[in-house]
Amino acid sequence: MTLAFHHRVVPASVPGRTPLLLLHGTGGDENDLVPLGEALSPGAALLSPRGQVLERGMPRFFSRSGEGVFDPDEVRQRALGLADFIAEARRTYDLAAPIAVGFSNGANVAAVIMMLRPDVMAGAILLRPMAVLDDTASGEAGLPLLAGRSVLMLSGSNDPIVPVGSAEWLASRLMAGGAAVEHRRLQAGHNLTPDDMSIAKAWLALTDRIA
Numbered sequence: 012m013t014l015a016f017h018h019r020v021v022p023a024s025v026p027g028r029t030p031l032l033l034l035h036g037t038g039g040d041e042n043d044l045v046p047l048g049e050a051l052s053p054g055a056a057l058l059s060p061r062g063q064v065l066e067r068g069m070p071r072f073f074s075r076s077g078e079g080v081f082d083p084d085e086v087r088q089r090a091l092g093l094a095d096f097i098a099e100a101r102r103t104y105d106l107a108a109p110i111a112v113g114f115s116n117g118a119n120v121a122a123v124i125m126m127l128r129p130d131v132m133a134g135a136i137l138l139r140p141m142a143v144l145d146d147t148a149s150g151e152a153g154l155p156l157l158a159g160r161s162v163l164m165l166s167g168s169n170d171p172i173v174p175v176g177s178a179e180w181l182a183s184r185l186m187a188g189g190a191a192v193e194h195r196r197l198q199a200g201h202n203l204t205p206d207d208m209s210i211a212k213a214w215l216a217l218t219d220r221i222a
């Protein structure tokens, strides 16, 4: 069967570990975050799709017309298409609901999917995320239905790309939907640091045991 996204799958070698959904940043591909996934949860199954939008030849999960400028309809369309792929891949590869590990553009699309299609993921690690939609209503009260989902957000205090307050707004939106959100600001820019790795690994180990 041919699925809608180019992707890479690494089968589980340790039973019982929650699969990881790896979502790259601008210019990455399906191989980009596999080493990170293997380091965060050795032996877990990994599902890593490649974004279908090209920006000057660099893959992304949705387009932008400028730094931080997005078409909300296109963001929703792309996020829902990726959610459909995740659901299909779970059936094809017999995967439990994964925890997303997304960086930058990948973190942003993971957050939108959690708000629009919370059924396809068990939680998320969002690395350098920002809010890309003003309103991602999906519940009866206009909020995502995220009870039981855990989210770790790691922001850089010196990040030149993510506007001040954008990640805080996103964290508050996820919490309003019922998610358990841990949001930490690190002494970092937009790039990842060893602190991101150690914090994410510890959080994931605890979350996986609880799950």
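So the mapping is simple: our numbering equals the position in the sequence shown, first residue as 1, plus 11. Virtual Cβ for every residue (Gly too), placed ideally from N, Cα, C. Please read all numbers here as calculations on a predicted model, not as lab measurements.
Proximity below 8 Å, CB of residue i to CB of residue j
| i | j | result |
| --- | --- | --- |
| residue 54 | residue 24 | yes |
| residue 60 | residue 41 | yes |
| residue 137 | residue 158 | no |
| residue 131 | residue 110 | no |
| residue 118 | residue 18 | no |
| residue 51 | residue 31 | yes |
| residue 108 | residue 163 | no |
| residue 192 | residue 182 | yes |
| residue 16 | residue 63 | yes |
| residue 185 | residue 125 | yes |
| residue 127 | residue 94 | yes |
Expected contact under 8 Å - CB spacing of residue i and residue j to nearest Å
| i | j | result |
| --- | --- | --- |
| residue 139 | residue 166 | 6 Å |
| residue 156 | residue 129 | 6 Å |
| residue 218 | residue 134 | 6 Å |
| residue 142 | residue 177 | 5 Å |
Chain-order list of residues whose beta-carbon lies under 7 Å from that of residue i (same chain, five-residue window excluded)
| i | result |
| --- | --- |
| residue 21 | 45, 56 and 57 |
| residue 170 | 139, 200 and 201 |
| residue 180 | 142 |
| residue 39 | 70 |
| residue 204 | 197 |
Buried or exposed (CB count within 10 angstroms, at least 16 for buried), residue i
| i | result |
| --- | --- |
| residue 29 | buried |
| residue 215 | buried |
| residue 77 | exposed |
| residue 27 | exposed |
| residue 190 | buried |
| residue 80 | exposed |
| residue 147 | Bear in mind that a pLDDT of 44 at residue 147, under 50, signals an unreliable position, so the model cannot answer this. |
Cβ shell of residue i (< 6 Å), same chain only, five flanking positions each side left out
| i | result |
| --- | --- |
| residue 37 | 69, 71 and 116 |
| residue 195 | 165 |
| residue 35 | 43, 44 and 117 |
Contacting residues, own chain, Cβ-Cβ under 8 Å from residue i (five flanking each side not counted)
| i | result |
| --- | --- |
| residue 207 | 138, 165, 197 and 199 |
| residue 75 | 66 and 81 |
| residue 250 | Residue 250 lies beyond the stretch modelled for the chain, which goes from 12 to 222, so this question has no answer here. |
| residue 172 | 78, 79, 115, 139, 141 and 201 |
| residue 14 | 96, 99, 100 and 103 |
Problem set entry | Inter-stretch contact at 8 Å, needing at least 3 Cβ pairs: the region 103–112 / the region 61–73 | Judged by pairs of C-beta atoms under 8 Å, the region 103–112 does not touch the region 61–73, as fewer than three such pairs exist.
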